[in-house]
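The listed protein sequences derive, respectively, from chains A and B. Taking my numbering, the leading residue of the first sequence gets 9, the next gets one more, and so forth. Taking my numbering, the leading residue of the second sequence gets 42, the next gets one more, and so forth.
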Amino acid sequence: MPPEMVLELRRVSKDFASHREVTRAVDEVSLAIPRGAFFSLLGPSGCGKTTILRMVAGFETPTSGEVWLNGQRIDALPPYQRNVNTVFQSYALFPHLTVQGNIEFGLRHKKGTDDINRVRDVLKQVRLEAKASRKPSELSGGERQRVALARAIILQPDVLLLDEPLSALDPQLRKQVRSELRDLQRRVGVTFLFVTHDQEEALSMSDQIAVMNAGALEQVGTPREIYARPRTRFVADFLGAMNWIDGIGVRPEAVSICPEGRKAVVTSVTYLGSFCHIAMTLESGEIIAAQTPPGSAYQPGQTVCVTWNPEDEISCEAS
Amino acid sequence: MKLRNIFLQPTAMLMAITMLAPLAIIVVYSLLTRGAYGGVELPWTIENFTRLWDPVYGIIFLRSFWIAAVATALCLVLGFPLAMFIARSGSRKNLYLSLVILPFWTSFLIRTYAWMFLLRDTGIINSVLQALGIIREPLPLLYNDGAVILGLVYGFLPFMVLPLYATLERLDPSLLEAAADLGARPWDTLVRVTLPLCAPGIRAGAILVFVPCLGTYLTSDLLGGSKTVLIGNLVQNQFTASRDWPFGAALSLALMAVAMLLLFAARRNGEELL
């Protein structure tokens, strides 16, 4: 039996009109998101992923198509009647309220013991008990992000929508928050719809990824499927560096330099700590890159042989 | 001396001459005795201030406060939706803002006279209503508190709209989306997010409207007739008809003291004034 779908988009499109032009931001996208999944929408900026999120939240109305949540059609409902909550890119915390005030904002009644306990639980889950009476302006970036999360999960939404929630954090913190976010999602069991343009973020956290380009879906699958079996060149290129040799793709980490194989001339060597990036030119004139151990000592101008395992070859339709 | 301080000098001089000097004169006059034909004479006295405790003046003060408060509240109620509309009208913002400021191109006196032409018994409103047969006798639109409040609201609405617009325009729209996202209906969002975040603008607008309304004499004189005596008219009378300059000076000082007190109270509650 297939897993139960909590959120479904059926041929959803969105046009934006400006002056005389009509731009299609989302083009006939159909998606089904299983309950409890960590589902990522991945794509470059302007690909329509945030517009999809905003249509699920209720900030935009689809031009055509349907949005179904828990078996109920919601695309015409205002945001306050949808049981989804959003973690905004800039967090959108209410500056005039304390951490606790922000977290309680969506609770209907705040006086009941149940609610008081829930607020306390959520504060604990995001490790902000000590800062409950602080204002957002007195918090660090990471703490603000956790308030934004807490304020949304306390309402037990059917789907939690996250709009690039890590992009405002500094890179050091970002990696740490990734695993925290993943843990929190598993612990509370809420379905996450996570929008990002960072393929590493999507690969490391998601159960499933939908890759988007120019308003349309390119491919939906698990991180492994998407990375190892990309269906289009766009997906292959977007998820990581790619060599294209005679129309066949092979990732740099699958290319090895060994005594026998195709001849290539080293054009540059870049030391990157955990590995070296070697750029080469094949006799055919095609460019190929390989990753070698950091200790390897190749020199530009040197002639080497490259090879790869046919299993690592990726062939996909051109897009 | 730094360059910017040199350029400050003309302003500082102007302020000293046109603000501090007249203020000093008022203080001195308020402590002197009235002259027979206006002006002031010795000896020094505080009688002008003790006279202020007469309940007659207390009632006029209260009435002035009441009318200024009603006018301020109406400006807020009318100005807030307008400011919100302008803040959200994208590329047309500047057009609408200049329309708000447009009335300043004509003298306030002339605009107040225009209201008399509209409101008086033989004015446009009454004539039209009579011609249409809706009323037989002219409605008493002029020479009452309502006409004064109307004139004040009309005259000072821009002073409410502009600071409100400034705060609303800076309001992050994602905060309103966040409120809706967390289940707040539009009215809840207004009360729980928009209004609290606009408090500085509301406070600034309220002060900019309330203080000049409190001291108004032109509007109450023209639209209120003899029935509506406000502090402003009282002060004006002391310097003209009554020829009691020292008492007029004392009244002005009392009015100023009250206005300053209000400013101070508003400032204590908020971080900044404007």
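Every residue, glycine too, gets a C-beta built ideally from N, C-alpha and C. Predicted, not measured: the structure shown is a model, and the values here were computed from it.
At which residues does the alpha helix (DSSP H) containing residue i begin and terminate?
i, result
"MET250 (chain A)", "Careful: MET250 (chain A) lies outside any alpha helix (DSSP H) and carries neither H nor E."
"ASN46 (chain B)", "44-56"
"TRP107 (chain B)", "96-128"
"LEU209 (chain B)", "186-211"
"TRP228 (chain B)", "227-230"
"CYS284 (chain A)", "Careful: CYS284 (chain A) lies outside any alpha helix (DSSP H), inside the beta strand (DSSP E) at 284-290."
"GLY246 (chain B)", "240-255"
"ASN274 (chain B)", "272-280"
"TRP156 (chain B)", "149-160"
What's the C-alpha gap between residue i and residue j?
i, j, result
"LEU225 (chain A)", "PRO267 (chain A)", "42 Å"
"PHE283 (chain A)", "GLN299 (chain A)", "6 Å"
"ARG142 (chain A)", "VAL228 (chain A)", "42 Å"
"ILE286 (chain A)", "SER175 (chain A)", "30 Å"
"GLN89 (chain A)", "LEU216 (chain B)", "17 Å"
"MET201 (chain B)", "GLN180 (chain A)", "47 Å"
"THR121 (chain A)", "ASP83 (chain A)", "35 Å"
"VAL189 (chain B)", "THR260 (chain B)", "6 Å"
"ASN78 (chain A)", "ARG128 (chain A)", "28 Å"
"PRO144 (chain A)", "PHE24 (chain A)", "34 Å"
"VAL97 (chain B)", "VAL69 (chain B)", "25 Å"
"PRO253 (chain B)", "GLY56 (chain A)", "52 Å"
"PHE126 (chain B)", "HIS104 (chain A)", "23 Å"
"ILE265 (chain A)", "TRP316 (chain A)", "9 Å"
"PHE178 (chain B)", "ASP162 (chain B)", "According to the sequence displayed, residue 178 (chain B) carries Glu and not Phe. Their Cα atoms are separated by approximately 9 Å."
"GLN252 (chain A)", "ALA236 (chain A)", "Residue 252 (chain A) is actually Trp in this sequence, not Gln. Each residue's Cα considered, the two are about 15 Å apart."
"ALA300 (chain B)", "MET56 (chain B)", "20 Å"
"GLU188 (chain A)", "LEU15 (chain A)", "24 Å"
"TRP94 (chain B)", "LEU64 (chain B)", "22 Å"
"ASP1 (chain A)", "THR31 (chain A)", "Since the first residue of chain A shown is 9 and the last is 327, residue 1 (chain A) is not available in this structure."
"THR289 (chain A)", "GLY257 (chain A)", "16 Å"
"LEU314 (chain B)", "ARG226 (chain B)", "Confidence at LEU314 (chain B) is low in this model, with a pLDDT of 44, below 50, so the placement of that residue is unreliable and no value is reported for it."
"PHE149 (chain B)", "GLU137 (chain A)", "58 Å"
Please list, in chain order, the chain B residues whose beta carbon lies closer than 8 Å to that of residue i.
i, result
"THR94 (chain A)", "GLU218, ALA219, ASP222"
"GLY149 (chain A)", "Residues of chain B passing the Cβ test: none, with the nearest at roughly 16 Å."
So which residues of chain A does residue i contact, with C-beta pairs closer than 9 Å?
i, result
"VAL169 (chain B)", "None at all; the shortest Cβ gap to chain A is about 43 Å."
"SER215 (chain B)", "PHE96, GLN97, SER98, TYR99, ALA100"
"PRO237 (chain B)", "PHE102, HIS104, LEU105"
What do you get for residue i, buried or exposed, if any count of 16 or more other CB atoms within 10 angstroms of its CB means buried?
i, result
"PHE6 (chain B)", "Limits of chain B in this structure are 42 at one end and 315 at the other, which puts residue 6 (chain B) out of reach."
"HIS27 (chain A)", "exposed"
"LEU209 (chain B)", "buried"
"TYR184 (chain B)", "buried"
"ILE41 (chain A)", "buried"
"CYS116 (chain B)", "buried"
"LEU49 (chain B)", "exposed"
"ALA112 (chain B)", "buried"
"TYR78 (chain B)", "exposed"
"LYS22 (chain A)", "buried"
"ILE108 (chain B)", "buried"
"CYS313 (chain A)", "exposed"
"VAL34 (chain A)", "buried"
"ASP254 (chain A)", "exposed"
"GLY131 (chain B)", "exposed"
"MET9 (chain A)", "Legend: pLDDT at MET9 (chain A) = 44, less than 50; position of this residue unreliable, value from coordinates given subsequently. So MET9 (chain A) ends up on the exposed side."
"GLU218 (chain B)", "buried"
"LEU17 (chain A)", "buried"
"ASP222 (chain B)", "buried"
Residues of chain A with CB closer than 7 Å to the CB of residue i, please, in chain order.
i, result
"ARG226 (chain B)", "TYR88"
"PRO51 (chain B)", "The premise fails here: PRO51 (chain B) is roughly 40 Å from chain A at the closest Cβ pair, so nothing lies under 7 Å."
"LEU55 (chain B)", "Residues of chain A passing the Cβ test: none, with the nearest at roughly 39 Å."
"VAL331 (chain B)", "What is shown of chain B runs 42 to 315, which leaves residue 331 (chain B) out entirely."
Quick check on the DSSP output: the beta strand (DSSP E) that includes residue i runs from which residue to which?
i, result
"GLN153 (chain A)", "Taken as a continuous stretch (DSSP letters only), GLN153 (chain A) belongs to no beta strand (DSSP E), being part of the alpha helix (DSSP H) at 149-161."
"GLU268 (chain A)", "263-279"
"THR204 (chain A)", "199-204"
"VAL141 (chain B)", "Taken as a continuous stretch (DSSP letters only), VAL141 (chain B) belongs to no beta strand (DSSP E), being part of the alpha helix (DSSP H) at 134-142."
"ILE82 (chain A)", "Per DSSP, ILE82 (chain A) belongs to no beta strand (DSSP E) and is neither H nor E."
"VAL300 (chain A)", "Per the sequence shown, residue 300 (chain A) should be read as Thr rather than Val. First-last of the beta strand (DSSP E) with THR300 (chain A): 295-300."
"LYS143 (chain A)", "LYS143 (chain A) -> no beta strand (DSSP E), and no H or E assigned at all."
Starting from the beta carbon of residue i, find every residue of chain B whose beta carbon is closer than 9 Å, and list them in chain order.
i, result
"LEU163 (chain A)", "LEU223, GLY224"
"ARG159 (chain A)", "ALA219, LEU223"
By the criterion of Cβ-Cβ separation under 7 Å, what are the contact partners of residue i in chain B?
i, result
"ALA65 (chain A)", "ASP222"
"PHE113 (chain A)", "LEU223"
Checklist entry - Should the segment 57-66 of chain A be called in touch with the segment 201-218 of chain A, which here means at least 3 C-beta pairs below 8 Å? => result yes
Checklist entry - Are the segment 244-264 of chain B and the segment 190-197 of chain B touching, with three or more C-beta to C-beta distances below 8 Å? => result yes
Checklist entry - Are three or more beta carbon pairs between the segment 280-295 of chain B and the segment 83-98 of chain B nearer than 8 Å? => result yes
Checklist entry - With a cut-off of 8 Å, do at least 3 Cβ pairs link the segment 150-170 of chain A to the segment 190-208 of chain A? => result yes
Item to check | Three-pair Cβ contact test at 8 Å for the segment 152-168 of chain B versus the segment 231-241 of chain B | outcome: no
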